[in-house]
Each structure stands twice: as C-alpha cells, then as structure tokens.
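First the structure, in the form of structure tokens, and then the observations on it.
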Amino acid sequence: MNAVERPLTRWTRIAAIVFFGLLIGAPFYWLMIGALKTQPEALAFPPTFYPRQIRWENFTDAMTRILSAQAFINSIIFTVAVTGLQLVLTITTGFALAKMPFPGRQALFRIFLLTMLVPFHVVLIPTFLVTRGFNMIDTYPGLILPIVAQTAFGVFVFRQFFITLPDELLEAARIDGANWGQIFMMVALPLAGPSIAAYVAITMLNAWNMYIWPLVATSSNAMRVLPLSLASLGQELDTTPPNVGMAAVLITTLPVLVVFIFTQRWFINGLGGAVKE
Amino acid sequence: MSDPSTLALAQAKSPIRRGGNKAGGDALGKRQTYMWAALFVGPNVLLFAIFIIIPILGAFALSLFQWNLIRPPVFVGLDNFTRMINDPRAINSIVRTAYLVVGGVIPTILISFALAVLINTKFPGLKLIRTLYLMPIVISFVASAVLWGYLLDPRWGPVNWVLAQFGIPGPQWLESTTWALPAVTIVTIWLRIPVALVLYLAALQNINQSLIEAGQLDGANFFQRMRFIIWPSVRPVTLLVTIVTLRGVLFESFDVVAVMTEGGPLRSTDILINYIYQAAFDRLDFGYASALAVVLFVIVMILTLFVTGKPKGEAR
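Chains as they are written, first to last, in this note's numbering: chain A, 2 to 278; chain B, 29 to 344.
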C-alpha cells in the first residue's frame, strides 16, 4: 500500500508519527532535563527547555534525602527473588502440565486459569491476613512469597510453549535412557530460551515497579523498596526541590529504561505473545 | 505496568488441548512419572494454595464479618453490604470509579488504535521513533505519578505553559476538585497506551493487505479505510485491549491516586480501590473493606462479561 501513497501524504504521515512520538516521550525529556537543573531554574516560569546550568549534586541529594542504598538493595533482592523463584516454579509446572501424564492434570490447569479472573487488588486484604498469620509482615519472605505465588500466568505461558514441542523429541531422549528430570533439563529447557526471556522481562519489570504489596507487607524503613521511597515524595511534593525529586524518579527509572531500549523485543513478545498463538 | 494475566485469560477460552501423553507411558513407568510430576508441580501448588487459593476464598468469607484485627471477628451476614447503601463515600467512590473507567478506557482504545494505524508503516528510523511510543511501559505508576505531579504543577509546570501558548488558562489540576480526576485519567491513559499499541500493531500485521488495497481502488480515503476496513478486522483485539485496559485502569490507578492525591481534594479522586485500601489499612475495618472489594470484583466481572458478550451478539 505504500507504493500507492503519494509522496506528500507519505511525508505528512512521517511528520505525524514523529510528532506524536515526541509528544508521548516528552515527559521523559522533561524528567531528564529537570533532574539536571538547579532549584531556581526548576521553579522558573516560563520553564527552560534545556538546563542552563547542570547540577550533578541532584543525584547525591536524591539518594540521601529520598531514596536510600537500603531501598535500592531491597528492590534488587525483591526483583531477583520474585523473578528467579517464580521462573523455576512456573517453568517446571508448565512442563509437567504439558508433557507429563498424571491424574488431575487438566483440572489443575483449569484451576490455575480460573484464578486469573480474580485480580490481585481484590484479594489484597486476605493475602495480607494470611501473610500476617505466618508472622511474615515486614520480613523478606512476607514481601516475596505472596508475589512469587502468583504463578498462574507463567504456568499458562510455559504450558502453551512446551505443548508445541513434538513428543518425538522427548521420546528420543527417553530411548537414550533419560529420566524426566534429564529430559526437562537437556531437551525442553534449552528450547525455551525466547519464552524465558519474554517472561523474565515482564516479571522483572512488574516486580521492580510494584507498589501496593510492599506498601501493605512492610512497615519499617529498613524494609522499604524504591517505589515506596518515591511515593512518600509524591505526597509531599512541595517540601522537596523538584530537581532533586526528578533526579530520584530518574534514578529508579533509568536502569529499566536502558534495559528496555536494548531488549525491546522481549518485552513486546512478553506483552503481545499471548495474542499471537 | 501491564496486567499480562488478562491476555492469557482472553485466550484461555479456547479449548484445552490434550497432548504429550505418549512420552510418559511404558518405559519410564507410571510411578516414576508421578514422582517427577509431584516434584515439578508440588512446590508451586503448595505456595499457590496458601497465598492464592486461600485468599480468594477468604475474600468472600471476610465480607460477611466485622473485624478490626484486635477483637475476634463477628459474623454479621450481609450487613456490610447494606451499610454501603447508606455510606455516601461508597456511592461517591463508585461514581468516581465509573468516571475513571469511561474517561480512561475509551480514549485509550481509540488513541492507541489510531496511533497503531499511523505507525504501521516502514521508513528509516521508525524503530527509534517507535521506542518513544513504548517508553511509558517501563516507568512505574508511582514514578510517573510523581513526574506528572511536576508536569501539571499550576505555577511552573510545562503543561500549563503549553496551554498558555494557545491562550488557554491552565487549571489548578491536582488542587482542584474538578480537574484532579481528569489529571489522574490523563496519566492513566498515557501509561496504558503502549500495551494497547503493541497489541494493535500485532493485529494490524495480520490484516489481509489486499482488502485494504481493494478499498483504496474503490476510492476509500484514509479515514474511510480506517473506519470501514481496518477497525472491523481488528475487533477481536479491541476486545482484548478493552479487557486489559479496563483492569489496568481499575486497579493500577491505585498507585497513581495514592501518590498524586490520596483520594483528594475533597474525595474528588477517591476511587473504589483507594477507599478499600483506606478502609482496611487506615480504619482497620477489614470486613467492610472486603465487602467493598467484593463489589469491585462483581463490577469487574459484569464489565468483562458485557465487553466479551457484546461483539458476539453483533457478529450474529
């Protein structure tokens, strides 16, 4: 259809594409220049559209006044633990549901699917109460395990992937005398690379950005994750200079943004993967 | 962020395929297979039962009790639900939620569809530009709420500066009872566009190009092609986008509201999910908060059924 397009409409279209792209990306530009400005410049009206004077101390101020090394470490622990544990649980379950014959397999899969109808926010209160019942509020296990347990989506993704593997492939390994553990490790797992990448990308992103559960499951400062530190800033925007506030937002966003720019395909597969099939 | 589970749900309707029974049979032996299956499935099922199944059942049970964690829970039947009728804050929060859903979901669908059609082309540098469209995927709801708080600042924020260039006096946004909820809605739309866009782009790749060319030869202009050829052929994806966006708007907006406004000013952004959180964790009114959560769940289910039911009827 491009061949039929006249050059004028083609250029209008490209211009429109660029315009709307810049419009959607504009808040990120504002964030980047805002994080570099001095306080008087950040509060200037009319606003300046590039920093006249760069103040790098915004980042150190942000780390000491809003964020903390502890929050950073907690976010990393939370993200890595959730993603790693959930990956192990979902990929093994997905494989078993796809390839291993055992009684109740279909029923189990249906239960996993059904629970996806109930959004996490609806069961926030009972999840809190169960966690509290185990005396795990304000501990790492209490922060991590209830989120790790949200395996339904991953089980679905990996079951759908493994079911596409031809049985002959597994049988070949079986004839060589491999047991299920070996079949999984040697045959199935090496083929699952792209699914794993897409799943890990989405799960890490969600864990890194998660707010409501850490808010409910932790209470002490030592247990804070980055979104919690940031949120306290949002509620008192006026007491922190905006340039320092934006530096804090940038510090928490930049790691994922950089990863995203280089691994977009995985994110897109992870988000759109379920539709294709 | 996104709610990928809904993507899966939309598909889960397709019949469950059976497969892979052969590999387990004879040589490996049933017992060995069961042992490995237990090893592969067991830990997950245990954790899932404790932290997912029990809370789901508990959510409904709790709504029938009165409980503040300090005294033992008291069974009150449906009292929590009748209490809602006389609770102006509950009514208000449902109305505000309805506003957010209508004002957030419909524009997200229309805008991301239009943008997907627009950028579904090829030119050098497109990949770079497309990244701009997808960037809101990575920013957390909390971080974007803080960022938009700055963007919308009525004194020195760039949004009101841009409006001023067009001679429009910018509103007070988060400090105004009229404009705080629209502000939250705008942020939510900005955050929801990329996922919807990704889904629409995938759908557009699958459209039969000859259909569009035929329309072109018949003299249909760009907007006619969009309205009468492309829009109908991506309907299944519109359905999916609607459900994904609906859930995103209903639930993830909590982060935005909690950070930007805490439900204010004067409860103008006090959406249901915010009220549930405050009733439970500020007032320790766990039974009533659970009843509100049940209402929210019923609303989600009704809306989902409404959305998924309608196109089927239209398609005869």
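Heads up, the beta-carbon is just placed ideally off N, CA and C, and yes, glycines get one too.
Values in this document were obtained by computation on a predicted structure and should not be read as measured data.
| message | Quick check: B:Tyr161 and A:Ile25, are their CB atoms within less than 8 Å of each other? | response | As a first step, residue 161 of chain B is located in the second sequence; it is residue number 133 there, counting from the start. As a first step, residue 25 of chain A is located in the first sequence; it is residue number 24 there, counting from the start. For B:Tyr161 and A:Ile25, yes; Cβs fall inside 8 Å.
| Taking Cβ positions only, does A:Trp31 come closer than 8 Å to chain B? | By one-based count along the first sequence, residue 31 of chain A stands at place 30. With its beta carbon less than 8 Å from one in chain B, A:Trp31 belongs to the interface.
| message | Please give the ranges of any beta strand (DSSP E) in the region 220-245 of chain B, keeping only runs that are unbroken, at least 3 residues long and fully inside the region. | response | none
| said: Does chain A have any CB closer than 8 Å to the CB of B:Leu175? | reply: The residue given as residue 175 of chain B occupies position 147 in the second sequence. Closer than 8 Å: yes.
| Inside the region 69-110 of chain B only - beta strand (DSSP E) runs reaching at least 3 residues | none
| Assuming A:Thr152 contacts B:Asn72 under a Cβ cut-off of 8 Å, what Cβ separation, rounded to an integer in Å, is found between them? | By one-based count along the first sequence, residue 152 of chain A stands at place 151. By one-based count along the second sequence, residue 72 of chain B stands at place 44. Yes, they are in contact, since the Cβ atoms of A:Thr152 and B:Asn72 sit about 6 Å apart, within 8 Å.
| Can you list the residues of chain B that A:Ala63 reaches, using a CB-CB cut of under 8 Å? | Residue numbering aside, residue 63 of chain A sits at position 62 when the first sequence is read from its first letter. For A:Ala63, no chain B residue has a C-beta closer than 8 Å to its own C-beta; the minimum C-beta separation is roughly 12 Å.
| task | Rounded to whole angstroms, what's the CA-CA distance from A:Gln161 to A:Trp267? Just pull it up for me. | result | Counting from one through the first sequence, the residue named residue 161 of chain A turns up at place 160. Counting from one through the first sequence, the residue named residue 267 of chain A turns up at place 266. A:Trp267 has its alpha-carbon roughly 17 Å from the corresponding atom of A:Gln161.
| said: Among the candidates A:Ile252, A:Val245, A:Leu125, whose CA atom is the shortest distance from the CA of A:Ala43? | reply: As a first step, residue 43 of chain A must be located in the first sequence, where it is residue number 42. When each option's Cα is compared against that of A:Ala43, the closest is A:Val245.
| task | Would you identify the three-state DSSP class for A:Met137, choosing helix, strand or coil? | result | The residue given as residue 137 of chain A occupies position 136 in the first sequence. Collapsing the DSSP output to three states places A:Met137 in coil.
| field | Amino acids of chain B, ordered along the chain, whose beta-carbon sits closer than 8 Å to that of A:Thr254 | value | Position 253 of the first sequence, counted from the first residue, corresponds to residue 254 of chain A. Neighbours of A:Thr254 on chain B, chain order: Val166, Ile167, Ser168, Ala171.
| said: Could you compute how far the alpha carbon of B:Ile330 sits from the alpha carbon of B:Thr336? | reply: Counting from 1 along the second sequence, the entry for residue 330 of chain B is found at position 302. Counting from 1 along the second sequence, the entry for residue 336 of chain B is found at position 308. Taking the Cα positions, B:Ile330 is about 10 Å away from B:Thr336.
| For B:Leu355 versus A:Pro127, is the C-beta distance shorter than 8 Å? | Nothing about residue 355 of chain B can be reported from this structure: the residues present for chain B run from 29 to 344 only.
| task | State yes or no: is the beta carbon of B:Asn72 nearer than 8 Å to at least one beta carbon in chain A? | result | As a position in the second sequence, residue 72 of chain B is number 44, starting the count at 1. Taking Cβ atoms only, chain A reaches closer than 8 Å to B:Asn72, which makes this a yes.
| request: Check whether the Cβ of B:Gln408 lies closer than 8 Å to any Cβ atom in chain A. | output: Summary: the structure shown does not reach residue 408 of chain B, with chain B confined to residues 29 through 344, and so no result is reported for it.
| Chain-ordered residues of the region 145-158 of chain B with a beta carbon less than 8 Å from chain A | Listed in chain order, the positions of the region 145-158 of chain B with a beta carbon within less than 8 Å of a beta carbon of chain A are Leu146, Ile147, Thr149, Lys150, Phe151, Leu154, Ile157, Arg158.
| A:Pro52 by DSSP, collapsed to three states: which one? | Locating residue 52 of chain A in the first sequence gives position 51, where the first residue counts as 1. It is coil, neither helix nor strand.
| Hey, B:Thr61 and A:Phe103: beta-carbon distance below 8 Å or not? | As a first step, residue 61 of chain B must be located in the second sequence, where it is residue number 33. As a first step, residue 103 of chain A must be located in the first sequence, where it is residue number 102. Yes, these two residues count as a Cβ contact at 8 Å.
| task | Name the residue from B:Ala118, B:Pro100, B:Ile98 whose alpha carbon lies nearest to the alpha carbon of B:Leu300. | result | Counted from its first residue, the second sequence places residue 300 of chain B at position 272. That would be B:Ala118, whose Cα lies nearest to the Cα of B:Leu300.
| task | Buried or exposed for A:Leu23, please, with buried defined as at least 16 other CB atoms from any protein chain shown within 10 angstroms of its CB. | result | Taking the first residue of the first sequence as position 1, residue 23 of chain A is located at position 22. By the beta-carbon neighbour count (other beta carbons within 10 angstroms, threshold 16), A:Leu23 is exposed.
| said: Between B:Ile299 and chain A, is any beta-carbon pair separated by less than 8 Å? | reply: Taking the second sequence and counting its residues from 1, one reaches residue 299 of chain B at position 271. Cβ-Cβ to chain A under 8 Å: no for B:Ile299.
| Using the beta-carbon of each residue, which ones in chain B are nearer than 8 Å to A:Pro48? | Translated into positions along the first sequence, residue 48 of chain A becomes position 47. Within chain B, the residues near A:Pro48 are Trp184, Gly185, Pro186, Trp189.
| Nearest to B:Leu138 (by Cα), restricted to the options B:Ser296, B:Gly247, B:Tyr228, B:Leu128 | Locating residue 138 of chain B in the second sequence gives position 110, where the first residue counts as 1. Cα-wise, what sits closest to B:Leu138 is B:Tyr228.
| query | Would you say B:Ser318 faces chain A, with C-beta separation under 8 Å as the test? | reply | The residue given as residue 318 of chain B occupies position 290 in the second sequence. With 8 Å as the cut-off, B:Ser318 counts as an interface residue toward chain A.
| How long is the line joining the alpha carbons of B:Ala242 and B:Leu232, rounded to whole angstroms? | Along the second sequence, one-based indexing puts residue 242 of chain B at 214. Along the second sequence, one-based indexing puts residue 232 of chain B at 204. Distance between the alpha carbons of B:Ala242 and B:Leu232: 16 Å.
| query | Does the Cβ of B:Phe282 have 16 or more other Cβ atoms within 10 Å, making it buried, or fewer, making it exposed? | reply | Taking the first residue of the second sequence as 1, we reach residue 282 of chain B at position 254. Label assigned to B:Phe282: buried.
| message | Does any residue of chain B have a CB that is nearer than 8 Å to the CB of A:Leu1? | response | Lying outside 2 to 278, the shown extent of chain A, residue 1 of chain A is not represented and no answer is given.
| Where does A:Glu58 land, buried or exposed, given buried means 16+ other C-beta within 10 angstroms? | Counting from one through the first sequence, the residue named residue 58 of chain A turns up at place 57. Looking at its Cβ environment, which holds fewer than 16 other Cβ atoms inside 10 Å, A:Glu58 is exposed.
| Using the rule of at least 16 other Cβ atoms within 10 Å of the residue's Cβ for burial, across every protein chain shown, is A:Ala199 buried or exposed? | Your numbering for residue 199 of chain A matches position 198 in the first sequence. When all chains shown are included, A:Ala199 counts as buried.
| field | Interface flag, B:Arg255 vs chain A, CB-CB below 8 Å | value | Counting from one through the second sequence, the residue named residue 255 of chain B turns up at place 227. Output row for B:Arg255: interface = no.
| task | Pull out every residue of the region 127-146 of chain A whose Cβ sits closer than 9 Å to any Cβ of chain B, in chain order. | result | Answer set for the region 127-146 of chain A: Pro127, Thr128, Phe129, Leu130, Val131, Thr132, Arg133, Phe135, Leu146.
| query | For B:Trp176, which of A:Gly271, A:Gln265, A:Gly35, A:Phe20 has the nearest alpha-carbon? | reply | The residue given as residue 176 of chain B occupies position 148 in the second sequence. That would be A:Gly35, whose Cα lies nearest to the Cα of B:Trp176.
| request: Give the C-beta separation of B:Leu209 and B:Ser296 to the nearest angstrom, bearing in mind that I take them to be a contact with Cβ-Cβ under 8 Å. | output: Against the second sequence, residue 209 of chain B aligns to sequence position 181. Against the second sequence, residue 296 of chain B aligns to sequence position 268. That pair is a contact at about 6 Å.
| request: Give the residues from the region 212-224 of chain A that approach chain B closer than 7 Å (Cβ to any Cβ), ordered along the chain. | output: Tyr212, Ile213, Val217
| request: Count the C-beta pairs between the region 94-113 of chain A and the region 63-77 of chain B that are closer than 8 Å, then say yes if the count reaches three, no if not. | output: Result yes; three or more Cβ-Cβ pairs closer than 8 Å.
| message | With a threshold of 8 Å between beta-carbons, can A:Asn210 be considered close to chain B, or not? | response | Taking the first sequence and counting its residues from 1, the one referred to as residue 210 of chain A is at position 209. Yes, its Cβ sits closer than 8 Å to a Cβ of chain B.
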